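Protein chains in written order, with my numbering: chain F, 1 to 629; chain W, 630 to 1131; chain R, 1132 to 1394; chain H, 1395 to 1493. Backbone N, C-alpha and C fix where the C-beta goes; we use that ideal spot for every residue, glycine too. Since we're looking at a predicted model, the values are computed, not measured. For reference, the structure is listed below as structure tokens.
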Amino acid sequence: MITSTTLVYLIALPLAGSAILLLAGRRSDKWGHLLATALSASSFFVGLYQLSLMLGRSNSERPITQKLFEWISVGSFKIDASLMLDQLSICFVLLITGVGTLIHIYSISYMSHDPDRRRFFAFLNLFIAAMLLLVLGDSYLNLYVGWEGVGLASYLLIGFWNQKPAYATASKKAFVMNRIGDMGLSFAIMIAFATMGTVSFSGVKEAVDHTSTAALTGIGLMLLVAATGKSAQFPLQAWLGDAMAGPTPVSALIHAATMVTAGVYLITRSNFIFDAAPTAQLLVVIIGAITLMFGALIGTAKDDIKKALAASTMSQIGYMILGAGLGPVGYAFAIMHLLTHGFFKAGMFLGAGSVMHGMNDEVNMRKYGALRKFMPITFATFGLGYLAILGVPPFAGFYSKDMIIETAFNSGGAKGIILGCVTLLGAGITAFYMTRVMILTFTGKSRWDDEAHPHESPWLMWLPMAILAIGSVTSGYLLSHGDALVNWLSPLFEHHGEHEELLSPMVVSGLALAMVAIGVAIAFVKYSRNEVASVAPTDVSIFTTIARQDLLQDRFNEAVFMQPGQALTAVLVKTDEAVIDGAVRGVGRVALGSGSALRGVQTGFVRSYAALILLGAVALVAAIWVVTQ
Amino acid sequence: MNWLTLLMALPLLGSVVVAGLPKGNEKLVKQVALASTLIVMGATIAMAVSFQRDNVELQFVEKYSWIPSFGINYALGVDGLALVLILMSTILAPVVVLAGWNESHGGRWSVKVFYILILVLETMMIGVFAATDVFLFYVIFEAMLIPVYFLIGGYGTGERSAAAVKFLIYSLFGGLLMLASIIALYVMSGAQGGHTFDLAALSQLQMSSMTQNLLFLGFFIAFAIKAPLWPLHTWLPDAADSATPGTSVLLLGVLDKVGTFGMIRYCLTLFPEASKTFTPMILVLALISIIYGAILAIGQRDLKRLIAFTSISHFGFITLGIFAMTSQGYSGAALYMFNHGFSTAALFLVGGWMISRRGSSTISDFGGLQRITPVMAWMFFLAGMSSLALPGMSSFVSEFLVLVGTFTRYPVHAIIATFGIVLAALYILIPVQKALHGPTTPGNENLSDLNLREKIAIAPVIAIIVVLGFYPAPLLNVINPAATHVIAQLGFSDPVPTSGGK
Amino acid sequence: MIDLAIQVGQTAKPEATLFWILAPLSVAAALGMLLVKKAVHSAILMAFVMISLAIFYIAQGAPFLGIVQVVVYTGAVMMLFLFILMLVGVDSSDSLVETIKGLRPIAITAAVGFGGLMISLLGRATLGRGAVGVEAANADGNVQGIANLLFSTYVWPFEVVSALLITAALGSMVLAHHHRIQTKPTQRELSIQRFRSGSLANAAGLPAPGVFARHNAVDVPALLPDGTAAAASVNASLKARGDVLNSSSFELGNVDTSVEEEK
Amino acid sequence: MNAANYLYLSALLFTIGAVGVVVRRNAIVVFMCIELMLNAANLSFVTFSRINGDLNGQVIAFFTMVVAACEVVVGLAIIVTIYRSRRSASIDDASLLKR
């Protein structure tokens, strides 16, 4: 592999920005945001430069590496701090730095009134650096560093306004649930080292052939656990909704476009393991399918615009995971959907941020309505993103999502049909809840309070939205034109024979569009023709209630993990005090007690001492008597 | 050059100078104490530079006859592990002096006595890691209790006398068992080539497995109390609760390491067979310590007790690494000892500043500190991140090495231990949320942020934590040869990749 | 006389007679010590026991010890006891009721056990074994024999014991020395104190004992102007001993005051 | 006559003395009982001396007498001192050495 010396700048630039902003403190308040944005952008340009270099090389020579230093080396456990950039990484690098830079620009304006804007930018830069490390690391352990690094950045950013207790709790929840996922990644690394003796991607890839399926399945399942944690997949999905506590640019960058897709990256990166472990792969698909429906159902009931979008994110990542679980044919489509989703979902989140910005940070869509007139640019960019997520041709989602649906149908047998139906149904529900968001927010009558003065956002905010909207329109076509992305990534994935086509692309597209149309129509009937209550109605069906409560995910976690855990903690604290320390203190008390009992003998009367001496003498003589017998 | 004796003499000399200073001038006392510890630190670093990394034999060896009639020698020497721990102790000492500039006020005795105790303790901290004569080790091991006893009982808070007595009696109990074992070793050595207390000679003794098991237990219980391992841990929260932050740092950061250090240096070396016999039991205790310490930490309402319980969890990891008998586990454990010293130091020092400012150590009394005292809050957060072994912090490297090393030989143990990292997230983030986040609660509005002295004190600690997180090689290079040597001596070699049975 | 005693003692029959007469008596005296109320009686009984023992010593070929026993114990030690008894109060008699609960039964049980066991042990140890006798050892005379041992084998203990004796003498002097805490009040201070006390009754000092013209002994209380006896005029220790003469016979009312007219 | 009889007598006297020490409260009587015990021991020594035919026992008895004399001197001085401060010769009154 070609070695490079410039790769490290990708990470070093934003990392330096973060360090400077945090260490300089208030002194950098004036220029901190500009420095951070500039560093993020320069990282993007380094990425573009790397891409141009890569394009100039032949397919097999494209991956490059850079060894920085020897990180950990104990016995046979040797980990270098080294980076690797290949066709897959570069996609992520450009997405992260590109969307990241746009969101930096957006935040300059969005956060301009926040006294801690500098800190916000420091965290954003920290996130960019960590995320880049995640996708550039050349071993699972290096990836792990980035993996936890983005977790930390996510924690810091969700809890950016942690003076509100609920937000602080949300950030803690996200971190802890992510840690459960991280534990899976640790297990995967440990199994890999114990069975293969290496944890670098290339080493593991080579070792797959002579490793047992059981071990590979173990690694695969553990990687899947990691992915579910980071990508908010079932059953570790509950943190994502609460993570919307963070400022909206954070939701756009971390909880829509980049970090939450790390799970997809991990699975795609580990394709050699999953390809060799069908059980694990099957489970990936199942998790993807469950989450897809799970997110979609939650999305239908949410009145909070960010939480609706978050549910949508969860559902869309479900698509990607499902795609990645479909094996070699699916990886590229999963990545493609990831990229297009990065554009349109980030755009929509920024749109939502723009709406909130104009509406005094109101997030309840029932308090919106008719914003189309007041925020034309936001409406336009959001609308384009909306069309993209629906999968209307020729917008981006059409290309990426239909590919996944098609692949799902063609994955063969009953599995294919079930998956195909699930993805189709998901597309329909997506259409329903996204239309609902559109209608509630931008059309109909205004339902806001008098204090709200909706207005269009400044250009610093709408410009990134516009760029992302362009991305949502064109990216799908560009990436799939001539199978560009598929060919680009193909050297990484081993191709097996193509499945027979169950349904032709045209049929799938037709079915998907039909589902979307039905979803849109239902939404129109339900929300556009009827008056929308500005307060959520309470006389709703049990299903709506459950969906509003995120399908009881929090209740489940509370009942099954949190409350028993708290009870256990309380019991153990008491036990430690009473039993273990009690035993220790008991020893002391026995000594003390026997002492005070014996103290009674010390009457102070000389005669009683004499009596005791006499008794002692008797005992002594008795002993002699017995001995000499 | 007798480096080790020099190192031990310097703080002692400092304490003599401190003792001779005029009584009224407290500032001068502190400055002299700080200067002494800094000189010791410098000397240690100079010594470490001349350490030969690839030499697995003891280095800087010194040996003088002390009590000839019993064959007791004043014998010193260090290997990689001891060097690292001495380095840690001598770096922590000036940090503690500087960080706890005012914690000697309000004690039972004068400021002078406080620093004399600290300096005497530093001498012993160096000696306990450097001793290669078992008797000398025992003497220092027990003598260390005395300054700590007075530091807790004289300068602590709350029920300091009770905590000090509990600490002392617990430790003496363990020490007594160890003394019995040492005497037994001495007696046996007489029958096998002459009475001696020399560690190397004693490790060659032939003994029945029953004898070995019993003597091993004598040593191990002493070290398990020191470490502390579940269920011999209950002295630690009380002691940490009552001691001043600086004392707690030395207590948890250095003194407790004597326990884990002793397990390696004495238990493994003297009783290899018994170590193997007891390994399953010890591993279970280590696991219980990890999980139990973490859960108890989650349940604590008092900041100092919480930190103490996190240490119990961490010591579980160290013990796990030691007895996993792999080079990764051993190196990880050794590195963990070093790292734990610093991450606990950071937690205790910052926590101590928070407590002294607020006047309460109950976590729920704090709130919203991040807005009021951002630097202090950040330092606490970073210390917490180090404690939960976030990648990029030095403790991550050691914790992961322990887990990987354990997994290759004892997969189930490693899996259970890994659950500790989730609990770690909880026990750090809960106090972080309660104390640093949320609205600023009454009583916290006027807290002052760290002053320059405190920043200077904490900066090197954080720097070491972060730098070693990214570049642990300087330490690993010193530890690794010793690790491979010890593991090989015990007749173990790292498990080879299994390919999952294929 | 001593030779005679030794001869009597060493002939089998007379010694047995001596023993069987004196031994029960001395046991009875010892028991009596425990049972009598007055310490003085105890002391006398004690002296009896000691003299009996002295006789036993002589009878057993230890005339030196016998003499020393009489001189030291009955002569010096018992005198000391009696002195102290006088200081403390010769007449004080003890109550024999036990005040510490359960002590007496314990003591008696233990004593019975101890005595029984000792006697049983002695019986086991000495039955069927005759005495060698000290005739051979006393060939040069008992005193010479002891002196030989004392100044050769036992010279070091002898010196130590002498040192002990001196120390004890010094020690008892130190202990018995009354350490005055305050300075002795002067006459002036005493008189001021008298006037400051509640009444002026004693301001002029205590009345002297004795009845003028009729009786001037210290054991007779003085008469007050009204003719009654003044209790304060007699020494308290005399009163305690009961050695006070009744002064009623000297009182004014009983004195014939009729005046014979001179013709 | 059997010399053992003296030993029995000695044992009896010793026991009586011991009981006296325990049951009597007057310090002087207690002292006398102690003297009785010492004398009983002396009788044993003298008897042993006779049984064994050498004078060592008598020398020991002699020493005992000296020590007993010392003891009486000091002991009585103590009694006087106590009596002076407490006006009592009962040993039960001097019971501060407790708890």
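Grab me the residues of residue i's own chain with a C-beta within less than 6 Å of its C-beta, minus the 5 sequence neighbours each way, in chain order.
{"i": "Asn1080 (chain W)", "result": "none"}
{"i": "Trp161 (chain F)", "result": "Tyr167"}
{"i": "His341 (chain F)", "result": "Gln316"}
{"i": "Asp242 (chain F)", "result": "Ala170, Lys173"}
{"i": "Arg1418 (chain H)", "result": "Val1424"}
Output needed for residue i: all residues of its chain with C-beta closer than 7 Å, excluding positions within five of it in sequence on either side, in chain order.
{"i": "Ser818 (chain W)", "result": "His824, Thr825, Ala830, Leu831, Leu834"}
{"i": "Ile467 (chain F)", "result": "Leu102"}
{"i": "Tyr767 (chain W)", "result": "Met807, Leu808, Ile811"}
{"i": "Ala1174 (chain R)", "result": "Met1209, Phe1212, Leu1213, Leu1216"}
{"i": "Thr1047 (chain W)", "result": "Leu1032"}
Go ahead and label residue i buried or exposed: buried means 16 or more other beta carbons lie within 10 angstroms of its beta carbon, across all protein chains shown.
{"i": "Asp550 (chain F)", "result": "buried"}
{"i": "Asp209 (chain F)", "result": "exposed"}
{"i": "Ala523 (chain F)", "result": "buried"}
{"i": "Asn530 (chain F)", "result": "exposed"}
{"i": "Met773 (chain W)", "result": "buried"}
{"i": "His943 (chain W)", "result": "buried"}
{"i": "Thr198 (chain F)", "result": "buried"}
{"i": "Lys886 (chain W)", "result": "buried"}
{"i": "Asp361 (chain F)", "result": "exposed"}
{"i": "Thr1284 (chain R)", "result": "exposed"}
{"i": "Phe1326 (chain R)", "result": "exposed"}
{"i": "Val560 (chain F)", "result": "exposed"}
Taking 8 Å as the limit between beta carbons, can you name the residues of its chain near residue i, skipping five residues before and five after?
{"i": "Ile951 (chain W)", "result": "Thr889, Met892, Ile893, Leu897, Gly958, Tyr959, Ala962"}
Looking at the unbroken alpha helix (DSSP H) that takes in residue i, where does it start and where does it end?
{"i": "Ser82 (chain F)", "result": "Not the alpha helix (DSSP H): Ser82 (chain F) falls in the beta strand (DSSP E), residues 77 to 85."}
{"i": "Pro860 (chain W)", "result": "First-last for Pro860 (chain W): undefined, no H or E at that position."}
{"i": "Ala517 (chain F)", "result": "505 to 523"}
{"i": "Phe120 (chain F)", "result": "117 to 136"}
{"i": "Gly1411 (chain H)", "result": "1398 to 1417"}
{"i": "Pro34 (chain F)", "result": "Residue 34 (chain F) is actually Leu in this sequence, not Pro. It spans 32 to 55 - the alpha helix (DSSP H) in which Leu34 (chain F) sits, taken as one unbroken run."}
{"i": "Val1365 (chain R)", "result": "Here Val1365 (chain R) belongs to no alpha helix (DSSP H), and DSSP marks it neither H nor E."}
{"i": "Gln633 (chain F)", "result": "Nothing about residue 633 (chain F) can be read from this structure; chain F reaches only from 1 to 629."}
{"i": "Ser1118 (chain R)", "result": "Look at the range of chain R in this structure, 1132 to 1394, and you will see that residue 1118 (chain R) is not part of it."}
{"i": "Gln999 (chain W)", "result": "998 to 1001"}
I believe residue i touches residue j by the beta-carbon criterion, under 8 Å. Please report the beta-carbon distance rounded to the nearest angstrom.
{"i": "Ile854 (chain W)", "j": "Ser800 (chain W)", "result": "6 Å"}
{"i": "Arg447 (chain F)", "j": "Ser534 (chain F)", "result": "4 Å"}
{"i": "Ile287 (chain F)", "j": "Thr378 (chain F)", "result": "Actually they are not in contact, since the Cβ atoms of Ile287 (chain F) and Thr378 (chain F) sit about 35 Å apart, beyond 8 Å."}
{"i": "Leu479 (chain F)", "j": "Leu326 (chain F)", "result": "Leu479 (chain F) to Leu326 (chain F), Cβ: 18 Å. No contact."}
{"i": "Ser956 (chain W)", "j": "Ala1112 (chain W)", "result": "5 Å"}
{"i": "Thr195 (chain F)", "j": "Asp138 (chain F)", "result": "Not confirmed; about 20 Å, so no contact."}
{"i": "Leu35 (chain F)", "j": "Gly17 (chain F)", "result": "6 Å"}
What does residue i pair with, by DSSP beta-bridge criteria?
{"i": "Ile72 (chain F)", "result": "F:Ile79"}
{"i": "Glu691 (chain W)", "result": "W:Leu705"}
{"i": "Gln66 (chain F)", "result": "F:Leu83"}
{"i": "Thr3 (chain F)", "result": "F:Thr65"}
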